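Here's the structure we're looking at; comments come further down.
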Amino acid sequence: MLRYISRRILFLIPVLIGVSLLIFSIIHLAPGDPAETMLGPSATAQDLEELRAQLGLNEPLTVQYLSFMARAVRGDFGRSIRTNNPVLEEIVDRFKPTLELASWSMLLAVAMGIPLGIAAALRQNTWIDTLCNFVALLGFSLPGFWLGLMLMLTFSIMLPVLPSSGYGSWKQLIMPTIVLGTNTMAVIARMTRSSMLEVIRQDYVRTAKAKGLAWRLILSRHILSNVLIPVVTVAGLYFGNMLGGVVITETIFSIPGVGRLIIDAIRFHDYPVVQGGVLFFAFCLSLVNLGVDLIYALLDPRIKAQYRAG
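Letter by letter, the sequence shown follows residues 122 to 431 in the numbering used here.
Written as structure tokens, this is what we have:
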């Protein structure tokens, strides 16, 4: 197991290098000049040139990239062009709202998705199954930005019971949590249903029924324990996607998280913040994937044996 974890951690290095190279290329090929954004249209050519030299933007792109990576290895993503604050400090300050929103959204998705999937599987081909499948399909199909706007229109304008933006109280998290968690809820519901139907048809379930075991015992001991293995895996992977998918949700609801920080940095051509923010998300996603693999091994002894052998 330790050998496997070590290999996965080492595998993070080329992944992060690839992500950093990709985002560096994209933001430097995009139109716009940070110096012009900072100084405004009235700046002279000399002022622009001096600021570019001060920010290191006149250096060749290879030199800029290698300089950024040399600092990033030490945990230094540079300073924000816009605020002159350390990039890592800004990201850490903004990470709490992002993590809180993603956590509540995942809790909502699991709390609704698993019961929906179980109910649909246990009542297959009935109106309950049809209703659960319809809810899951609806949740999977609705675009997040459209759902967010509809919730704001309904509960902030027509029925002014929830705040439309901001962060700080539980009321301000209700609509963003629904928007971010709806798609994952639908995926978990469909996964739970298909896993339940597959497990119910297994021979060991038929054997347990033939022995006269109570249905509750069969459900808890033999069915749910096996159903949760793929569901936990999917939930973990989608939690990582949530951390990266908060960008739109935080922008719609004006939540001061890392996603909105990156969007603002893109608007102002703040290269260090964009690079640092995307690398931070990539690192978090890699750690989540590693955690999912370890949880999967704990739930499934066969996978655990493979890790030990490898």
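C-beta: ideal position from N, C-alpha, C; glycine also.
If you're wondering where the values come from, they're calculated on a predicted model, not measured in any experiment.
Take the alpha-carbon of Ser290 and the one of Ile376: they are about 11 Å apart.
DSSP, reduced to helix, strand and coil, places Arg322 outside both helices and strands of the structure shown, so it counts as coil. Between Leu411 and Gly365, the gap from beta carbon to beta carbon reaches 9 Å or more.
In this structure, DSSP gives Pro162 a state outside helix and strand, which the three-state scheme calls coil. Gly302 and Ser226 have their alpha carbons spaced roughly 4 Å apart. Within the same chain, and ignoring the five residues on either side of Leu294 in sequence, the residues whose Cβ sits closer than 8 Å to its Cβ are Glu221, Leu222, Trp225 and Tyr288.
Look at the segment 336 to 375 and you find these whole runs of alpha helix (DSSP H), each 4 residues long or longer: 345 to 373.
Residues of the same chain with a CB within less than 6 Å of the CB of Ala386, apart from the 5 flanking positions on each side, are Val394 and Val395 in chain order. The C-beta of Val184 has fewer than 16 other C-beta atoms within 10 Å across all chains shown, which makes the residue exposed. One thing to note: Met273 has its Cβ within 9 Å of the Cβ of Phe374. CA-CA distance, Leu263 to Ile239, rounds to 22 Å.
Apart from the 5 residues on each side of it in sequence, Val353 sits with its Cβ closer than 8 Å to the Cβ of Val413, Ile416, Tyr417 and Leu420 in its chain, given in chain order. Separation of the CB atoms of Ala156 and Leu172 is rounded to 4 Å, and the pair is thereby assigned contact status at 8 Å. Secondary-structure assignment with DSSP links Pro377 through no beta bridge to anything. Look at Arg200 here: in three-state DSSP terms it is strand.
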